[in-house]
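Residue numbers for the sequence shown follow my numbering, beginning at 397 and rising by one.
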Amino acid sequence: MPLEVNGKTYETDEEGYLANLNDWNEDLAKAMAEADGTTLDENHWEVINFLREYYEEYQIAPAVRVLTKAIGKKLGPDKGNSKYLYELFPYGPAKQACKYAGLPKPTGCV
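Pasting the structure below:
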């Protein structure tokens, strides 16, 4: 199911995840979020950028438990908890944030 942003077409899978991770850009992330009824603010970007760095280092998208723990270590306990992450990404912090970050769906997410 292709997604068009700024006159360019991006290939996605049936759940809306980017087919090619190298196609990702901030405008694409904003368009994906808007399609879900979400406006990305600096807190969203903090998590999205964290996920992109995590993926670059480990070559895997973290499951929600790992994400929560890793965010807590890097950004502090006020942000490294499920309540905060679910407020930002109500469809599932790992699943929804990874989608906006242009990463594959985390293993174990339904």
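Note that CB positions come from ideal geometry on N, CA and C, so glycine has one too.
From a predicted model like this one, the values you see are computed outputs, not experimental measurements.
{"Query": "Residue range of the unbroken beta strand (DSSP E) whose run includes residue 495", "Result": "That residue, residue 495, is in no beta strand (DSSP E); its alpha helix (DSSP H) goes 489-496."}
{"Query": "Span separating the alpha-carbon of residue 401 from that of residue 417", "Result": "15 Å"}
{"Query": "Residue from 438, 403, 419 whose Cα sits closest to the Cα of residue 495", "Result": "419"}
{"Query": "Distance between beta carbons of residue 471 and residue 490, contact taken as under 8 Å", "Result": "Contact doesn't hold; Cβ gap of about 15 Å is too wide."}
{"Query": "Cβ-Cβ separation, residue 439 to residue 499 (assumed contact under 8 Å), whole Å", "Result": "No, residue 499 and residue 439 are not in contact; Cβ-Cβ is about 18 Å, not under 8 Å."}
{"Query": "Coil, strand or helix - residue 434 by DSSP", "Result": "coil"}
{"Query": "Cβ-Cβ separation, residue 459 to residue 536 (assumed contact under 8 Å), whole Å", "Result": "The structure shown does not extend to residue 536, since the chain is modelled only from 397 through 506, so no value can be given for it."}
{"Query": "Span separating the alpha-carbon of residue 409 from that of residue 442", "Result": "25 Å"}
{"Query": "Residue of 406, 502, 488 minimising C-alpha distance to residue 455", "Result": "502"}
{"Query": "Neighbourhood of residue 407 by C-beta distance below 6 Å, restricted to the same chain and skipping five residues each side", "Result": "398, 415"}
{"Query": "Distance between residue 492 and residue 411 (C-alpha atoms, nearest Å)", "Result": "11 Å"}
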